[in-house]
Amino acid sequence: MPNDIETPAAGLIADNVVGFARALRVAGLPIGPGAVIDALKAMRLIDIGNRADLFTTLESIFVKRHEHALIFAQAFDLFFRRAEGTESMLDSVPLPPEAQKPPPPASRRVQEAFAHSRNIEGPEIEEKDVQLSVSDREVLQRKDFAQMSAAEIAEVTRAIAQMKLPQAELRTRRFKPDARGQRLDLRRTLRGSLRTGGEIVKLQRLGRIDKPAPIVALLDISGSMTDYTRLFLQFLHAITDARKRVSVFLFGTRLTNVTRALRARDPDEALAACSSSVEDWAGGTRIATSLHNFNNLWGRRVLGQGATVLLISDGLEREADSRLEFEMDRLHRSCRRLIWLNPLLRFEGFEAKAQGIKMMLPHVDEFRPVHNLKSMEGLIAALTSDQPPRRIDSRSAA
Numbered sequence: 005m006p007n008d009i010e011t012p013a014a015g016l017i018a019d020n021v022v023g024f025a026r027a028l029r030v031a032g033l034p035i036g037p038g039a040v041i042d043a044l045k046a047m048r049l050i051d052i053g054n055r056a057d058l059f060t061t062l063e064s065i066f067v068k069r070h071e072h073a074l075i076f077a078q079a080f081d082l083f084f085r086r087a088e089g090t091e092s093m094l095d096s097v098p099l100p101p102e103a104q105k106p107p108p109p110a111s112r113r114v115q116e117a118f119a120h121s122r123n124i125e126g127p128e129i130e131e132k133d134v135q136l137s138v139s140d141r142e143v144l145q146r147k148d149f150a151q152m153s154a155a156e157i158a159e160v161t162r163a164i165a166q167m168k169l170p171q172a173e174l175r176t177r178r179f180k181p182d183a184r185g186q187r188l189d190l191r192r193t194l195r196g197s198l199r200t201g202g203e204i205v206k207l208q209r210l211g212r213i214d215k216p217a218p219i220v221a222l223l224d225i226s227g228s229m230t231d232y233t234r235l236f237l238q239f240l241h242a243i244t245d246a247r248k249r250v251s252v253f254l255f256g257t258r259l260t261n262v263t264r265a266l267r268a269r270d271p272d273e274a275l276a277a278c279s280s281s282v283e284d285w286a287g288g289t290r291i292a293t294s295l296h297n298f299n300n301l302w303g304r305r306v307l308g309q310g311a312t313v314l315l316i317s318d319g320l321e322r323e324a325d326s327r328l329e330f331e332m333d334r335l336h337r338s339c340r341r342l343i344w345l346n347p348l349l350r351f352e353g354f355e356a357k358a359q360g361i362k363m364m365l366p367h368v369d370e371f372r373p374v375h376n377l378k379s380m381e382g383l384i385a386a387l388t389s390d391q392p393p394r395r396i397d398s399r400s401a402a
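So this is what it looks like as structure tokens:
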């Protein structure tokens with residue numbers, strides 16, 4: 005039955021709706037005071053003991069974009085539940101048995117949003133972003149991802165999402181009408197002369213068509229890469245959002261195509277889709293087998309038209325043999341440019357002593373570190389450069 009807004013419980017309901025809206029705003033949903041007022045008015049018209057009605061009502065008010073639906077669902081399950089002493093506006097309302105089941109684990113972003121909202125005192129809804137000083141940003145630029153705290157990782161994630169990725173264009177063999185083109189368009193020129201009785205008044209020209217250079221990323225998700233996998237996926241999501249011709253594959257003991265999953269606009273939704281589609285997360289490493297599957301099943305589909313391949317791995321192969329060298333050579337010959345990104349280059353005294361690294365290194369165009377923000381910025385510069393492939397010093401980008 006509809007709720008009476010004048011009852012003592014109404015104040016608790018209003019406080020919880022405001023707190024829930026504040027947490028959603030911290031998590032990234034654009035919720036203004038008007039939406040909060042609409043939600044409070046809607047509470048008068050529904051039975052708050054019905055979990056489905058409550059979810060549908062708040063979702064219709066707070067969710068305005070499809071990519072925010074997952075964040076809202078995770079936040080709702082985390083906030084409106086009775087588990088582990090969590091306080092919510094439903095604590096005083098009897099719930100059906102199916103509504104008392106613990107929700108699935110929420111994303112890190114939602115958990116941090118609720119932790120942040122609990123530290124806010126008073127009814128104000130404004131959030132103050134922590135501004136890093138210039139020296140702090142310089143330290144963060146060079147700090148290893150594996151040594152960062154949760155707060156620093158959150159700051160790095162925001163920095164990665166804001167990275168500008170200009171398009172690197174490749175010139176194709178096709179032409180299009182272009183007033184400044186170097187090639188004469190005889191057909192359009194003669195057709196235009198028919199309007200003037202055969203007199204050629206204006207010469208029509210053609211110019212080359214430029215297309216964004218395709219990027220293919222092969223990301224190692226084995227146990228030795230655990231400290232870097234999530235941030236690398238954040239980086240690949242940023243690349244996928246800025247470029248249309250991007251293909252992403254994850255490999256550990258098997259190869260998984262997650263290109264479609266990473267196309268979701270919301271990064272948390274994209275990463276959740278990737279993790280649900282992978283069965284060998286943080287397991288062993290079989291680089292030769294994974295490259296063999298990629299070359300046989302996907303090479304001709306995604307490596308055409310001058311693709312650049314990003315191989316993100318530490319190169320610690322379980323079964324380093326001649327197959328690994330063969331598959332690396334085959335991959336190198338199939339693409340325009342092969343860039344190997346290895347977190348082990350963060351060590352000053354790094355030497356290619358592992359057998360797998362020795363076999364792979366001769367077949368790459370560039371060997372770069374990728375363990376901090378500075379190295380990622382160097383990679384962006386390499387991806388947007390029109391310079392021909394070249395071997396660089398492994399220490400220059402550290």
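Under the working numbering, the final residue of the sequence shown carries the number 402; numbering is consecutive throughout. The beta-carbon is built from N, C-alpha and C at its ideal position, and this holds for glycine as well.
Review point. Could you give the residue range of the beta strand (DSSP E) that holds residue 250?
Key: On the sequence shown, position 246 is the one that residue 250 refers to. If you look at residue 250, you'll find it in the beta strand (DSSP E) that goes 250-255.
**Study point:** residue 305, buried or exposed, once every other Cβ within 10 Å from all chains shown has been counted against 16
**Key:** The count along the sequence shown starts at 1 and reaches residue 305 at position 301. With fewer than 16 other beta carbons inside 10 angstroms of its own, residue 305 counts as exposed.
**Study point:** Inter-stretch contact at 8 Å, needing at least 3 Cβ pairs: the region 261-277 / the region 191-201
**Key:** At 8 Å Cβ cutoff, the stretches do not touch.
Point to revise | Range of the contiguous alpha helix (DSSP H) that encloses residue 409 | key: Nothing can be reported for residue 409, as the shown portion of the chain is limited to 5 through 402.
Review point. If you pair each beta-carbon of the region 291-301 with each one of the region 312-329, do three or more pairs fall below 8 Å?
Key: Short answer: they touch.
Review point. What is the residue span of the alpha helix (DSSP H) that residue 362 lies within?
Key: As a working note, residue 362 is residue 358 in the sequence shown. For residue 362, the enclosing alpha helix (DSSP H) begins and ends at 359-364.
Practice item. Return the bridge partner residues of residue 219 from the DSSP annotation. Key: Taking the sequence shown and counting its residues from 1, one reaches residue 219 at position 215. For residue 219, the pairing in a beta bridge is given by DSSP as 250 and 312.
Review point. Going by the CB atoms, is the gap between residue 164 and residue 268 shorter than 8 Å?
Key: In the sequence shown, counting from the first residue as 1, residue 268 sits at position 264. In the sequence shown, counting from the first residue as 1, residue 164 sits at position 160. Not a contact, by the Cβ cut-off of 8 Å.
Review point. In terms of residue numbering, what span does the alpha helix (DSSP H) encompassing residue 263 cover?
Key: On the sequence shown, position 259 is the one that residue 263 refers to. Neither: residue 263 is in no alpha helix (DSSP H) and is coded neither H nor E.
Check your understanding: Is the CB-CB distance between residue 145 and residue 376 below 8 Å?
Key -> As a first step, residue 145 must be located in the sequence shown, where it is residue number 141. As a first step, residue 376 must be located in the sequence shown, where it is residue number 372. Taking 8 Å as the Cβ cut-off, residue 145 and residue 376 qualify as a contacting pair.
Check your understanding: Does the beta-carbon of residue 312 have 16 or more other beta-carbons within 10 angstroms, so that it is buried, or is it exposed?
Key -> Taking the first residue of the sequence shown as 1, we reach residue 312 at position 308. Here residue 312 is buried, its C-beta having at least 16 other C-beta atoms within 10 Å.
Exercise for review: Under the assumption that residue 405 contacts residue 32 (Cβ atoms under 8 Å), give the Cβ distance between them as a whole number of angstroms.
Suggested key: Residue 405 falls outside the range modelled here, since the chain spans only 5 to 402, and no answer is possible.
**Study point:** Per-residue DSSP class, three states only, for residue 212
**Key:** Counted from its first residue, the sequence shown places residue 212 at position 208. Residue 212 falls in the strand class under three-state DSSP.
Exercise for review: Flag this pair as yes or no: are the beta carbons of residue 47 and residue 21 separated by less than 8 Å?
Suggested key: Position 43 of the sequence shown, counted from the start, is the residue given in the question as residue 47. Position 17 of the sequence shown, counted from the start, is the residue given in the question as residue 21. Contact: yes.
Check your understanding: According to DSSP, is residue 181 helix, strand or coil?
Key -> The residue you call residue 181 lines up with position 177 of the sequence shown. Residue 181 falls in the strand class under three-state DSSP.
Point to revise | Bridge-paired residues (DSSP) for residue 341 | key: To locate residue 341, count along the sequence shown from 1; it is residue 337. In the DSSP secondary-structure assignment, residue 341 is bridged to 312.
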